[in-house]
Amino acid sequence: MLHSQELIVRRVLILAPTGRDAENAHLVLSRHGFSPVIAPTLDALSSMLDEQAGAVLITSEALHGPGVERLAKALKAQPAWSDPPFVYLTPKQTGLSTESARLRRSWPSGMTNVMVLERPLSSESLASAVHWALTMRQRQFQVRDQFEKLAEREAQLLASQAAERTAALRRELIFRIAESQRAAKSPEAIMSATVTALAQYMGVDRAGFYTLSADAQTLTFGPSHAAPPWQPLTGSMAVADVGKNMTDLLSQGRNVLVGRASGHDVLSGTVLREMGVVSVIGVPFMVEHRWCAGVYVHQMTERQWSDEDVSLVEEVARLTWDAMERVEAGQALAASEARFRGMIDSIDQMVWSTRPDGHHDYYNERWYAYTGVPSGSTDGEAWNGVFHPEDQPRAWAIWRHSLETGKPYRIEYRLRHHSGQYRWVLGRAQAVHDESGRIVRWFGTCTDIQDIVDAREVLARSREDMAREVAVQTQERDRIWQVSRDLLGVADIDGVWLSVNPAWRLVLGWEPEEIIGRSSEWLEHPDDRVATRAEISGLAAGRVTHAYENRFRAADGQYKLLEWRAVALDGKIYAVARDITEQRAQQLTLQETEERLRQAQKMEAVGQLTGGIAHDFNNMLQGIISALAVAKNSLQTQSYERLPRVIEIAERSAFKAGNLTHRLLAFSRRQPLDPKPLDCNALILSVEELLRRTVGENIRLEMKLAPDAWQAHCDENQLENALLNLVINARAAMPDGGTISIVTSNVQDHAIPDALTRKRVDCLRIDVIDTGCGMTPDVIKRVFEPFFTTKPLGQGTGLGLSMIYGFAQQSGGACEIESEVDRGTKVHLYLPRYDPALQEANTIPTADAPSPDEPTSFRRSTVLVVEDEDFVRELVVEALGELGLEVMQAANSEQALTLLDTGVRFELLVTDVGLPGLNGRQVAEIARQRLPQIKVLFMTGYAEGAGMPTGTIKPGMGLIVKPFDMGDLRTRVGSLLAE
């Protein structure tokens with residue numbers, strides 16, 4: 001039995017109009033696995049004859065009547081591959097061949113694939129014939145499938161070829177446009193050449209460019225191309241006439257597309273529609289999200305734009321904008337290139353440059369001098385011709401790769417020298433990108449490396465020598481390992497020793513075998529073990545050990561102090577230790593000796609201090625005591641006429657004592673200063689007459705003051721004293737007369753020594769120069785030492801220059817001396833330039849005295865005076881009481897806080913800084929917390945800011961330095977209360 005799966009097509013049409021022939025055939029074919037379908041008439045058979053009909057079983061009596069012609073038409077309509085097979089049943093006859101010829105003539109045209117069977121026949125014969133027919137039909141379907149595949153492949157090939165032709169044409173167009181743009185010298189020429197090529201390629205009626213006015217209200221048409229009979233667009237047009245729908249799209253940076261399928265509403269009611277425009281492509285040009293120009297393509301008939309059409313217009317637009325920008329930037333670029341060429345031509349290096357596409361358009365003069373080729377002869381791609389022939393293909397391939405990828409270009413090749421020889425050169429180039437990452441240029445250099453190449457050969461020959469040298473050095477290292485008196489060792493990362501040198505035996509007395517394979521913990525002093533483990537852990541973490549000290553037990557039981565240096569590399573610790581036991585003992589002995597020496601020097605200095613100033617200070621005290629005794633006697637005898645004079649003598653002696661303390665404070669750099677912006681030229685001129693009287697008639701005093709001298713930041717009174725001291729010293733050095741010059745100048749970035757380094761600041765320099773006897777180098781070394789003097793006993797304390805030195809350093813400056821014997825002396829005083837931003841922030845303000853015109857009276861106020869020295873407190877209270885102030889007093893901070901808690905609204909706090917317990921600054925802080933509006937006046941006998949951190953003196957506060965005049969105190973208080 002035949003299986004239906006063996007046949008692709010199983011459908012069989014049956015036409016047997018006589019009796020039950022059709023039903024019998026249907027039954028037989030069904031039993032054999034076919035799919036029979038009975039056609040009632042010849043017309044029905046014709047309509048059922050399609051590709052799904054596998055075969056036709058037809059009897060001879062069915063081919064009669066008008067239906068035969070329709071069957072012929074159906075067969076004629078079959079595809080070329082289709083020839084439906086027929087199984088034709090005819091009654092049994094004699095002379096079959098003759099009858100068959102007659103029968104074929106009666107068959108309709110197109111019925112050519114026929115198997116004739118005589119009836120009666122068996123069911124197997126019938127099934128076999130139908131199977132044959134279906135097999136023939138299946139082969140036809142297979143042929144059809146092959147034809148269809150071939151047709152599909154042919155269609156794909158044709159489509160691919162068409163696409164390639166289109167792409168090639170498009171590339172050719174883009175290339176032509178790019179070339180024409182490159183040759184154009186103006187934006188108009190660029191647009192004109194571009195739009196003509198674009199319009200002709202696309203076959204459109206009109207294409208062109210436009211620009212938008214700055215206010216986005218007017219379109220101005222640029223170059224355009226129009227096919228006859230249409231005219232190009234010229235002049236300008238209001239943006240509103242273009243239509244809101246279109247301008248909305250363009251202003252958003254979106255394309256306008258009007259074609260056969262969509263977008264017609266964009267043109268409705270616009271000037272373009274009135275011009276007859278039906279189809280449009282519009283591409284805007286945006287600069288920083290602003291619509292500023294565009295390109296348009298018009299068709300006066302309906303046209304279905306393709307994606308390729310739109311992308312082409314976009315690409316051409318981009319090319320055009322880029323080309324226009326290049327041209328507009330040409331002049332600036334030309335100027336920049338001129339500067340570039342001037343710089344590059346001045347260096348001893350071959351330099352070249354190319355366009356983004358690799359076209360060489362610049363070589364510096366060094367290139368032409370080196371190669372000897374005519375100028376411009378290696379532009380474009382001709383550069384490869386001066387390379388060695390063997391290097392040209394490789395150089396070209398690497399250069400093309402860099403152009404395609406944007407990666408740096410680097411190659412070594414042989415370049416023809418002007419001598420005719422080829423020399424090795426290193427060529428390098430780097431791409432220059434714009435902000436978007438696009439390559440805009442290539443810059444390259446060529447470096448002659450012939451000497452390096454020659455050296456490589458020398459290097460190769462020297463490698464054997466180097467290997468031998470390494471072997472020698474290894475031997476030397478081994479010898480060092482053996483003879484070194486330092487402990488050398490290698491350990492693993494956990495501190496277990498892998499190898500040690502013989503010095504371990506020499507220093508500690510242990511054999512290497514006793515050390516190797518163990519950590520050193522058993523040798524370490526118990527107090528050092530934790531720190532040593534931490535140091536080993538630090539080495540494992542990558543830190544380096546520098547001068548780490550611990551103690552190791554020697555074989556004799558004594559501990560040796562070792563100083564270690566170690567580093568961890570490749571999982572091992574490399575260590576060096578030195579026995580510093582004796583060295584440390586010597587250091588301790590030296591430190592003890594130095595400490596004893598310092599103590600002796602300190603005692604000597606104290607002795608010099610007390611001995612050197614006792615005479616002066618006792619004289620001042622004598623003046624005060626004597627004046628007070630005379631005043632007391634005058635009061636007892638009522639001889640009042642002498643009181644003013646003796647009181648003046650007492651005051652003068654007291655202020656001399658204060659000046660002496662100032663000099664001592666300057667020596668210790670604790671001199672209280674009142675630094676302010678100071679015109680030093682004006683100060684020097686103001687004391688010029690005093691200085692001239694001081695030096696006498698036989699000494700000439702010269703002033704050489706810089707007219708543009710900067711302001712300095714220093715204490716005016718102390719600078720006056722310093723100048724007076726320097727002039728007096730200069731006078732003493734010229735007993736027979738001479739010249740003293742005072743010179744001012746500006747010094748930028750002068751090195752001022754401080755505690756750790758030399759800071760550099762702008763300074764005003766004051767020079768005091770004399771033509772006296774000068775000083776020896778030994779004297780210069782000691783000239784700033786306190787109490788050092790070259791004057792006879794009793795003629796000087798030795799604090800003058802020390803005071804000046806301290807004043808300069810405390811002011812943030814410096815004092816330097818130059819001197820030669822019999823050549824005179826120069827003293828340079830460096831004072832920092834006044835910087836308002838810096839120095840006002842760090843200056844401790846003092847209360848300003850009122851001007852002479854201001855009245856010293858003020859409304860009655862309550863003042864709290866805090867001073868631990870009883871007589872000072874009494875005098876201050878009395879002086880303030882004379883002003884009509886209500887004064888309350890406290891002897892310490894506790895009493896002051898108690899008074900502040902009473903509820904009295906004090907308007908002014910006058911407090912000493914150096915109080916026992918809470919100091920004056922702390923008392924002031926508490927007072928301001930309780931009375932935010934209270935004014936504060938600090939009293940101090942120490943340096944500016946002593947115990948007063950920066951920022952302590954705030955608005956509403958002041959500072960007055962002891963000893964002070966009571967009149968000065970009253971004016972300071974009046975100034976604060978008047979604020």
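The opening position of the sequence shown corresponds to residue 1 in the UniProt record's numbering, with each subsequent residue numbered one higher. Note that beta-carbon positions come from the ideal geometry of N, C-alpha and C, so glycine has one too. Predicted, not measured: the structure shown is a model, and the values here were computed from it.
Excluding sequence positions up to five away, which residues of its chain have a Cβ less than 6 Å from the Cβ of R551?
These residues qualify, in order along the chain: H525, D528, Y559, L561.
Suppose you measure from the CA of Q430 to the CA of D451; what does that come to, to the nearest Å?
24 Å
On the DSSP letters alone, give me the boundaries of the alpha helix (DSSP H) that K407 sits inside.
Segment: none, K407 is in no alpha helix (DSSP H) and carries neither H nor E.
Can you list, in chain order, the stretches of the beta strand (DSSP E) that have 3 or more residues and sit fully within the UniProt domain "Response regulatory" (862-977)?
862-866, 886-890, 908-912, 935-940, 957-961
A193 and A199: beta carbons closer than 8 Å?
no
Span of the beta strand (DSSP E) around Y834
Here Y834 belongs to no beta strand (DSSP E), and DSSP marks it neither H nor E.
Check whether the segment 824-831 and the segment 714-734 touch, using three or more Cβ-Cβ pairs below 8 Å as the test.
Yes, the segment 824-831 touches the segment 714-734.
Would you grab the beta carbon distance between V239 and V297 for me? Rounded to a whole angstrom, and I think it's under 8 Å.
That belief does not hold up - the Cβ atoms of V239 and V297 are roughly 19 Å apart, past 8 Å.
Pick from R102, S377, P356: whose alpha carbon is nearest that of F443?
P356
Smallest Cα separation from E582: which of E563, L569, Y574?
Of E563, L569, Y574, the residue nearest in Cα terms is E563.
Is V432 buried or exposed, if buried means 16 or more other CB atoms sit within 10 Å of its CB?
exposed
Whose C-beta lies closer than 8 Å to the C-beta of W305 among residues of the same chain, with five residues either side of it excluded?
L257, G259, S279, I281
Could you name the residues of the same chain whose beta carbon sits closer than 7 Å to that of E535, not counting the 5 residues immediately before and after it, in chain order?
T545, Y548
Please report how far the alpha carbon of V12 lies from the alpha carbon of E118, in whole angstroms.
Taking the straight line joining both Cα atoms gives about 19 Å.
Fully enclosed by the segment 381-447, which beta strand (DSSP E) runs are 3 residues long or longer?
409-416, 422-433
Would you kindly work out how many angstroms separate the C-alpha atoms of A214 and S353, rounded to a whole number?
37 Å
For my contact list, N729 and G800 are in at a C-beta cut-off of 8 Å; report their separation, rounded to the angstrom.
7 Å
Judging by CA-CA distance, which residue of R518, L506, L487 is the nearest neighbour of G495?
R518
Taking the C-alpha atoms as reference points, what is the distance between P232 and R318?
Approximately 22 Å between the Cα atoms of the pair.
Whole angstroms are fine: how far does the CA of I742 sit from the CA of T902?
59 Å
Between the Cα of L829 and those of E720, T911, V876, spot the shortest distance and give me the residue it belongs to.
The shortest C-alpha separation from L829 is found at E720.
Please report the Cβ distance between E886 and R860, rounded to the nearest whole angstrom; I am assuming they are in contact, meaning their Cβ atoms lie under 8 Å.
6 Å
If you compare alpha carbons, which of G658, S639, A654, T637 is closest to I625?
A654
Select from A650, A631, A896 the residue whose C-alpha is nearest the C-alpha of L643.
Considering only alpha carbons, the answer is A631.
Identify, in the order they occur along the chain, each residue of the same chain with its Cβ nearer than 7 Å to the Cβ of Y574, setting aside the five sequence neighbours on each side.
V490, A566, V567
Which value, in whole angstroms, describes the spacing of the CA atoms of A847 and L875?
Any reading at A847 is ruled out, since the residue's pLDDT is 43, under 50, leaving its predicted position unreliable.
So, helix, strand or coil for C714, using DSSP?
strand
Just checking my contact of T911 with V923 at CB under 8 Å: how many whole Å lie between their CB atoms?
About 6 Å; that satisfies the 8 Å criterion.
Outcome for M343 when other beta-carbon atoms lying within 10 angstroms are tallied against a minimum of 16:
exposed
Within the segment 41-112, note down every full beta strand (DSSP E) run reaching 3 residues or more, in order along the chain.
55-59, 86-91
If I measure Cβ to Cβ from V351 and keep anything under 6 Å in the same chain, skipping five residues before and after, which residues do I get?
I344, N364, T445
In chain order, each beta strand (DSSP E) run of at least 3 residues that lies wholly inside the segment 139-220:
206-212
Would you mind stating whether R70 and S46 have Cβ atoms separated by less than 8 Å?
yes
Should D853 go down as buried or exposed, given a rule of 16 or more other Cβ atoms within 10 Å for buried?
Low local confidence applies: a pLDDT of 41 at D853 is under 50, so the model's placement there is unreliable, with the coordinate-based value given in what follows. Exposed, since its Cβ has fewer than 16 Cβ neighbours within 10 Å.
CA-to-CA distance, P36 to Q142, given in whole angstroms:
22 Å
Who pairs with G342 in a beta bridge, going by DSSP?
Paired residues: none, contrary to the question.
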